[in-house]
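What follows is a short report on a single structure.
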Amino acid sequence: MPSGYGSDIQDVEQLRATAVAVAQQVGDFVLRMRAQGAWQVQTKTSDTDVVTAADTAAERLARRLLGQWRPGEHVLGEEEGGAGSPAHGLCWVVDPIDGTVNYLYGLPWYAVSVAVQRDGQSLAAAVGQPAAGRLWSAARGCGADCDGVALRVSGATHLELSLIGTGFSYRSERRARQAAMVACMLPRIRDVRRAGSAALDLCSVASGWLDGYVEHGLHSWDWAAGSLIAAEAGAVVRLPKDGSDLLLAAAPGIMDSLAELLAECGADAV
Ligand code: LIP
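For any residue, its number in the numbering used here is found by taking its place in the sequence shown, counting from 1, and adding 693.
Here's what the structure looks like:
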């Protein structure tokens with residue numbers, strides 16, 4: 694596996710190749726585990742926030758591969774955490790199974806998400822959808838593709854004709870606020886889709902399958918890869934920042950009107 698990095702195109706493309714290789718191998722692994730089934734399931738922040746033995750085993754595999762191919766570089770994962778990388782160092786951000794509830798139920802809308810960041814900015818990314826054999830990837834400044842086909846966001850310009858993805862917290866009190874926000878938005882857009890994986894929702898924006906995506910309360914491992922893929926496909930992306938854990942990605946033609954609608958619908962208080 695290639696090693697070494699810098700800031701030029703060749704280096705970010707090398708990082709992309711590593712992210713793709715990790716996402717592919719971990720994706721094959723989680724698909725095999727799904728076929729075997731009968732794994733132990735535990736809960737985290739609530740009775741509905743599950744973690745399976747596949748999640749933990751898949752993250753261990755991702756860490757082992759990155760240890761081989763990118764020795765000494767930091768890894769932040771959903772299940773094992775990880776210290777922040779040193780200033781200007783690289784940090785790999787991994788969600789071994791994004792859409793865990795879908796995976797548990799056998800719904801084929803779950804992903805392996807692998808990104809590499811420097812100082813919190815994603816440089817390269819890969820998101821695999823093992824059940825469908827799809828893989829999205831991007832490198833900063835180099836565009837995004839799905840299975841080698843270049844991606845471009847939708848040309849949406851009218852919010853009332855736009856399809857918007859969203860998602861909800863595992864905590865019931867926050868779900869109520871999120872549902873109220875969506876209820877406020879719904880009459881003003883084409884429709885909502887809630888599919889259960891932030892990484893795939895962001896890839897759907899990149900692919901033009903959604904015109905926009907909005908969700909509160911995500912972790913960096915949920916969006917580190919998909920946000921770069923969406924941005925490199927031409928989406929306008931607003932990442933969570935101090936004071937707000939709202940993530941927003943949309944086609945340029947609707948971003949301003951979508952942001953205005955979210956403000957009217959109380960997004961700041963969700
Ligand atoms: C999921 C996110 C999704 C959100 C779900 C869940 P997980 O991550 O990708 O966007 O709506 O509630 O948090 O828990 O499957 O890794």
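Note that the Cβ used here is the ideal one computed from N, Cα and C, for glycine as well. On a predicted model such as this, the values are computed, not experimentally measured, just so you know.
Run of the beta strand (DSSP E) containing residue i, from where it starts to where it stops
i, result
"residue 784", "783–791"
"residue 898", "Where residue 898 is concerned, there is no enclosing beta strand (DSSP E), although the alpha helix (DSSP H) it sits in stretches over 891–900."
"residue 827", "827–832"
"residue 770", "767–770"
"residue 917", "From DSSP, residue 917 is part of no beta strand (DSSP E) but of the alpha helix (DSSP H) over 913–925."
"residue 821", "814–822"
"residue 940", "939–943"
"residue 856", "856–859"
"residue 804", "804–811"
"residue 837", "837–839"
"residue 735", "734–736"
"residue 905", "905–909"
"residue 931", "929–931"
6 Å Cβ shell around residue i - same chain, five flanking residues per side excluded
i, result
"residue 856", "883, 884, 903 and 904"
"residue 941", "907 and 931"
"residue 957", "none"
"residue 832", "705, 706, 709 and 817"
"residue 830", "709, 713 and 819"
"residue 715", "755, 758 and 807"
"residue 978", "Lying before the first or after the last residue shown, residue 978 is absent from the chain, which here runs from 694 to 963."
Closest by C-alpha distance to residue i, when choosing among the options
i, options, result
"residue 746", "763, 758, 765 and 724", "724"
"residue 784", "811, 948 and 875", "811"
"residue 868", "715, 720, 960 and 754", "960"
"residue 713", "773, 828 and 851", "828"
"residue 814", "947, 938, 954 and 913", "913"
"residue 949", "851, 769 and 866", "851"
"residue 752", "711, 805 and 740", "805"
"residue 809", "803, 786, 878 and 744", "786"
"residue 803", "889, 881, 739 and 871", "889"
"residue 738", "847, 853, 854 and 866", "866"
Enclosing alpha helix (DSSP H) for residue i [first to last residue]
i, result
"residue 709", "702–729"
"residue 761", "746–762"
"residue 879", "Taken as a continuous stretch (DSSP letters only), residue 879 belongs to no alpha helix (DSSP H), as it is neither H nor E."
Separation of residue j from residue i, as counted between CA atoms
i, j, result
"residue 835", "residue 702", "7 Å"
"residue 793", "residue 722", "15 Å"
"residue 928", "residue 749", "32 Å"
"residue 845", "residue 733", "40 Å"
"residue 822", "residue 761", "24 Å"
"residue 837", "residue 921", "8 Å"
"residue 736", "residue 863", "11 Å"
"residue 698", "residue 706", "Its pLDDT being 44, under 50, residue 698 is placed unreliably by the model, and the measurement read from it follows with that caveat. Roughly 9 Å between the two C-alpha positions."
"residue 742", "residue 849", "34 Å"
"residue 695", "residue 807", "The predicted model places residue 695 with a pLDDT of 42, which falls under 50 and marks its position as unreliable; any figure quoted below should be read in that light. Near 16 Å, if we compare the C-alpha coordinates of residue 807 and residue 695."
"residue 923", "residue 764", "28 Å"
"residue 954", "residue 893", "23 Å"
"residue 797", "residue 946", "37 Å"
"residue 842", "residue 875", "33 Å"
"residue 938", "residue 775", "20 Å"
"residue 943", "residue 951", "8 Å"
"residue 726", "residue 740", "23 Å"
"residue 934", "residue 871", "19 Å"
"residue 858", "residue 887", "6 Å"
"residue 720", "residue 926", "23 Å"
Beta-carbon proximity list for residue i, same chain, < 7 Å, skipping 5 on both sides
i, result
"residue 891", "791, 860, 908, 911, 915, 916 and 919"
Inter-residue CB distance, residue i and residue j (contact presumed, cutoff 8 Å)
i, j, result
"residue 788", "residue 771", "5 Å"
"residue 801", "residue 824", "3 Å"
"residue 718", "residue 754", "7 Å"
"residue 900", "residue 839", "6 Å"
Beta carbon proximity, residue i to chain C, threshold 8 Å
i, result
"residue 807", "The structure shown contains no chain C, having only a single protein chain."
8 Å CB neighbourhood of residue i in its chain, flanking five on each side removed
i, result
"residue 782", "766, 767 and 811"
"residue 962", "870"
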